Amino acid sequence: MAVPLAFMGLFYFFPLGKLVGLSFSQSSSAINKPINWQIITGASGFTFFQAGLSTFLTVLLGLPAAYLFGRFNFPGKNALRIASTLPFILPTVVVAAGFNALIGPKGWLNLVLMGILRSPIPVINIQNTLAAILLAHVFYNTSIVIRIVGSALAQLDHKLEDAAQTLGASPWKTFIKVTLPLIMPSILSSILLVFLFNFTSFGVILMMGGPHFTTLEVEIYIQTMQYLNLPLAGILSLIQLGFTMFVTFLVMRKGDRGLGVPVMPRLKQEGLRTPDKVWEKAFTFIMVFLLLFLLTSPILSLVVRSFSVTAPAINGGTGERIQFSLNYYRELFINRQLSLFYVPPIKAVWNSLKFAGLSAFISLVLGMMLAYGLKSGKHLRSITLLMMLPLGTSAVTLGLGFFTAFSSMSGSQRWVGLLIPLVHALISLPFVLRVVQPALLSIPDNLKFAAQSLGAKPLELWRFIELPIIWRALMTAAVYAFTISLGEFGATSFLSRPDMPTMPIAIFRYLNLPGSSNYGQAMAMAVIILFVCIISMAFLDRLQFNPNSGTQ
Amino acid sequence: MKIRWMVLVMVLGLFLTACSSEPATLNVMVHDSFVISTDVVAEFENINKVKVNFILSGDAGSMLNKAILTKDAPISDILYGVDNTFLSRALSESIFEAYDSPLLKQIPDQFELDPGHQALPVDFGDVCINYDKSYFTDKGLTAPAFLEDLTNPEYKGLLVVENPATSSPGLAFLLATIAEYGPDGYLTYWQKLKDNGLVIVNDWNTAYYTNFSGSSGKGLQPMVVSYSGSPAAEVFFSDPKVDEAPTASLVGKNMCFRQIEFVGILKGSKNRALAEKFVDYMLSKRFQEDIPLNMFVFPANESAILPVEFTEFVQVSEQPAVLSADKISVNREQWMEAWRALMLN
Chain A
3 MAVPLAFMGL FYFFPLGKLV GLSFSQSSSA INKPINWQII TGASGFTFFQ
53 AGLSTFLTVL LGLPAAYLFG RFNFPGKNAL RIASTLPFIL PTVVVAAGFN
103 ALIGPKGWLN LVLMGILRSP IPVINIQNTL AAILLAHVFY NTSIVIRIVG
153 SALAQLDHKL EDAAQTLGAS PWKTFIKVTL PLIMPSILSS ILLVFLFNFT
203 SFGVILMMGG PHFTTLEVEI YIQTMQYLNL PLAGILSLIQ LGFTMFVTFL
253 VMRKGDRGLG VPVMPRLKQE GLRTPDKVWE KAFTFIMVFL LLFLLTSPIL
303 SLVVRSFSVT APAINGGTGE RIQFSLNYYR ELFINRQLSL FYVPPIKAVW
353 NSLKFAGLSA FISLVLGMML AYGLKSGKHL RSITLLMMLP LGTSAVTLGL
403 GFFTAFSSMS GSQRWVGLLI PLVHALISLP FVLRVVQPAL LSIPDNLKFA
453 AQSLGAKPLE LWRFIELPII WRALMTAAVY AFTISLGEFG ATSFLSRPDM
503 PTMPIAIFRY LNLPGSSNYG QAMAMAVIIL FVCIISMAFL DRLQFNPNSG
553 TQ
Chain B
97 MKIRWMVLVM VLGLFLTACS SEPATLNVMV HDSFVISTDV VAEFENINKV
147 KVNFILSGDA GSMLNKAILT KDAPISDILY GVDNTFLSRA LSESIFEAYD
197 SPLLKQIPDQ FELDPGHQAL PVDFGDVCIN YDKSYFTDKG LTAPAFLEDL
247 TNPEYKGLLV VENPATSSPG LAFLLATIAE YGPDGYLTYW QKLKDNGLVI
297 VNDWNTAYYT NFSGSSGKGL QPMVVSYSGS PAAEVFFSDP KVDEAPTASL
347 VGKNMCFRQI EFVGILKGSK NRALAEKFVD YMLSKRFQED IPLNMFVFPA
397 NESAILPVEF TEFVQVSEQP AVLSADKISV NREQWMEAWR ALMLN
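In structure tokens form, the structure reads like this:
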């Protein structure tokens, strides 16, 4: 208990305190400026509106998808699970490019639709609209619902539902009265996490929503980095934090009530079956199609884009030809200009993996300590609330806080390599806690008593009883801690050094200059991230679902 | 089961490799558009037996703010990349120590905006509107010659600009319009642009790669606020190779805003002598000639020879927009707020 709290103190409250101190000692004239309340209310209102609507849409797609993953086996299931998590690691710059290649004015889908409808102008035009923000948020966050609710469904005790049906309940009634209450805590957890991600969303609002939409997070960035108006940025941050705590508190109150009886978790996937009824087949087909279309097609268009080179038409004709080419990948490995900041892709991949591995390790260890510390129920609510804070803190604030607190430390250069995983762990910790805690609480006491009375020592008890039960939740948490770190850009950009770039930072550097080669190389780099991510997730999923890896 | 412990050991191994030690260094804070050749830096390092450590610190504005926030315990010896739109803030926060470098005499007086020699000019570049040459030829359009032309109906919906609050070229273009129309007239002009279907996005990346039809993103607008060096970069970084720039800049009167970038020694530097040497090196011919093809801006030192890509594809504005650094510093926020109130509501 003491360790995670000390961690929060040192790496959350200390940097933020330092930043607050600095903002008051600022000689800047900003101090005396009247506070622009219009900015505050406008940004708060829109932040809530877009986060609420985005979360609603995400859950609308996510819950049926979770049901699909939690109940049915179908060909390509594991691949689809991984594919649906991929958006999570992609930097917004790249996602924007992916959507542009698909539904931009000259995107493939638009070209097809223009052909079908014989329209001279693009049919879909969502740049700088609310629709773009919503679409991107659904794209990014649906997998959270799929993973959390899906795995809760998969490990429900099937016997409870069978019993209800034997007693004459219809399948629908069984679902509403038995299944739903049992998975309610995980549904609420996922809603909360999705909401908070949308609430503090930055890149999507900035790049896809355009300048007409400002959220608290964007406004904090503008006030901090452009106007150096730290007092106003501070007020905005406090409001954002306040809302985060409030929403977390509401969800937790609901969640505590929902969690009734501890249920014996199922270890083998006995609740899973192949769809055989007509509606089951139709449902599976429709959901798989929807997920492929919404979550995978922008990524596929990116991949295609990275392999295609636009060549001018032959014989002086008009129009352009698109050719398959590996050029952009080849170029990635060549330092043409002998530039000091050239990043060999292998190095960026290695850095990213190193930071992600470390961050996942730190947040898992701390998350477990917390989950165990909180089992006694003392201060459960207040400490859980406290741990959600980093999720509600803007990346700009967090990055700047880390920067002011630790960059002036002597020998700080040496520690930079550790600061990045630490800040990532801070962001992942709430996630880990939300996922591990319900699993730990679901272990029935009589299991432990039984083991103890058979002579199991505490370590054996943990190793052979508890660990196997929470293993799946732990691995879900690990997948997210890992991917959060791989994709994190905001806070990293405050801390990274030129000789230690992560993959998102490397992509950003390519897109800093004009030129088709830079654009292509950025796409190729993104595809490399995707590839690395697929491999790491396949590995983690294997650990999670392999029945031999400790769950027996 | 074994696999679980393997993961643990691997992660622990990573933990250890993340920390390693380094030799004595000279720290240089730079913005994230800074690029230079490895051998140019290595030469300085070898002669002076020092490791130069560049600290990438976000865009120019973010970097300056970071330096201001840490001025009591500076994290760097040198800061490069503060431009004329931010110069006054840097000087009034007194983050620099004065240094009268002997190389300043090779740099034209027009770039020396700080007579106190706290900030020394290194390079300059123009923020200009780039246009898609083939779009204009295909449609038989002539390129606009003046800012006023952009309000004509034939250019309706053809221009994308960046939000000045989130983008430095966006701010530069706003300043160009203020230089042309004055603080009282620029909003009227922007209203006309708005009525003529102006597209506004938040950042240069989106404007250039998503909206601009002349880039790889193949967007809808054939005109974008970018840099005069961008056409040269389009040639230099083309794949497949092209030998003619697909884009060009509009360089009419007051259509471009000249950004001059400065370097300074940060107050509290413990390596003053070395820092002076590095500033001299940055202003010397060797370093200056390496700037154009890395950052696509012009060297400030007159004796530096330009690469052929620059003489061929980069147009130089004869009458760039001029606003004094003091005027910008005093009014920047007010101008931006008024712009925001008009354009984004």
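If you're matching them up, the sequences are chains A and B in order. If you want the numbering used here, it's the position in the first sequence, counting the first as 1, plus 2. If you want the numbering used here, it's the position in the second sequence, counting the first as 1, plus 96. All C-beta atoms, glycine included, are put in the ideal place defined by N, C-alpha and C. Source: prediction; values computed, not measured.
Could you check whether the Cβ of residue i sits closer than 8 Å to any Cβ belonging to chain B?
i, result
"Asn514/A", "yes"
"Tyr482/A", "no"
"Leu208/A", "yes"
"Lys108/A", "yes"
"Val95/A", "yes"
"Thr406/A", "yes"
"Asn102/A", "yes"
"Tyr142/A", "no"
"Met390/A", "no"
"Phe343/A", "yes"
"Glu462/A", "no"
"Leu488/A", "no"
How would you write the range of the alpha helix (DSSP H) that residue i sits in, first residue to last?
i, result
"Ala186/B", "Leu183 to Ser188"
"Thr233/B", "Lys229 to Lys235"
"Leu370/B", "Arg368 to Leu379"
"Tyr330/A", "Asn329 to Leu334"
"Ile387/B", "Looking at the DSSP string, Ile387/B is not in any alpha helix (DSSP H), and its letter there is neither H nor E."
"Ile41/A", "Trp39 to Arg73"
Strictly under 8 Å for the Cβ-Cβ distance: is residue i near chain A by that measure?
i, result
"Asp128/B", "yes"
"Asp291/B", "no"
"Ile274/B", "no"
"Asn142/B", "no"
"Val311/B", "It is worth fixing the name first, because residue 311/B is Ser in this sequence and not Val. Yes, contact with chain A."
How big is the Cα-Cα spacing for residue i and residue j?
i, j, result
"Asn367/B", "Ser190/B", "18 Å"
"Pro73/A", "His139/A", "For the sequence presented, residue 73/A should be read as Arg rather than Pro. Cα to Cα, Arg73/A sits roughly 25 Å from His139/A."
"Leu152/B", "Phe496/A", "8 Å"
"Gly293/B", "Gly253/B", "4 Å"
"Asn441/B", "Val295/B", "14 Å"
"Ser354/A", "Leu237/B", "48 Å"
"Ile207/A", "Ile507/A", "19 Å"
"Glu372/B", "Asp205/B", "20 Å"
"Asp219/B", "Lys337/B", "28 Å"
"Gly19/A", "Thr166/B", "15 Å"
"Asp543/A", "Leu393/A", "25 Å"
"Glu330/B", "Pro516/A", "6 Å"
"Leu59/A", "Leu190/A", "15 Å"
"Ser420/B", "Phe51/A", "42 Å"
"Leu88/A", "Asn329/A", "24 Å"
"Ala85/A", "Leu388/A", "33 Å"
"Arg332/A", "Ser230/B", "29 Å"
My assumption, with CB atoms under 8 Å, is that residue i sits in contact with residue j. Please give the rounded CB distance.
i, j, result
"Ser129/B", "Met319/B", "Between Met319/B and Ser129/B the Cβ distance is about 22 Å, and since that is not below 8 Å, they are no contact."
"Ser203/A", "Thr216/A", "Actually they are not in contact, since the Cβ atoms of Ser203/A and Thr216/A sit about 12 Å apart, beyond 8 Å."
"Gln411/B", "Asn397/B", "The Cβ separation is near 21 Å, so there is no contact."
"Ser110/A", "Ala99/A", "Looking at the sequence itself, residue 110/A is Trp, so the reference to Ser does not match. In fact, because the Cβ distance is near 13 Å, the residues do not count as touching under 8 Å."
"Met209/A", "Gly157/B", "Contact flag wrong, Cβ pair sits at about 18 Å."
"Leu243/A", "Gln225/A", "The pair is not a contact, with the Cβ atoms about 15 Å apart (cut-off 8 Å)."
"Met439/B", "Trp300/B", "With 8 Å as the limit, Met439/B and Trp300/B do not qualify as a contact, their Cβ atoms being about 17 Å apart."
"Ser310/A", "Ser327/A", "7 Å"
"Gly211/A", "Ile135/A", "4 Å"
"Leu389/B", "Phe332/B", "7 Å"
"Met505/A", "Ala362/A", "16 Å between Cβ atoms; not a contact."
Starting from residue i, follow the beta strand (DSSP E) in both directions and report where the run begins and ends.
i, result
"Arg354/B", "Phe353 to Leu362"
"Thr343/B", "Thr343 to Leu346"
"Asp135/B", "Run containing Asp135/B: none in the beta strand (DSSP E); it sits in the alpha helix (DSSP H), Thr134 to Asn144."
"Thr284/B", "That residue, Thr284/B, is in no beta strand (DSSP E); its alpha helix (DSSP H) goes Ser264 to Asp291."
May I ask you to check if the CB of residue i is nearer than 7 Å to at least one heavy atom of the ligand PLP?
i, result
"Ser380/B", "With respect to the ligand PLP, the structure shown offers nothing to examine, as it has no ligands at all."
query: What are the residues of the stretch 229–253 of chain A that lie near chain B, defined by any Cβ-Cβ distance shorter than 8 Å?
result: Tyr229 and Leu230
query: Going along the stretch 114–139 of chain A in order, which residues come within less than 8 Å of chain B, judged by CB to CB distance?
result: Pro124, Gln129 and Asn130
task: Below 7 Å between beta carbons is the criterion; list the residues of the stretch 192–225 of chain A that meet it against any residue of chain B, in chain order.
output: Leu208, Met209, Gly212, Pro213, His214 and Ile224
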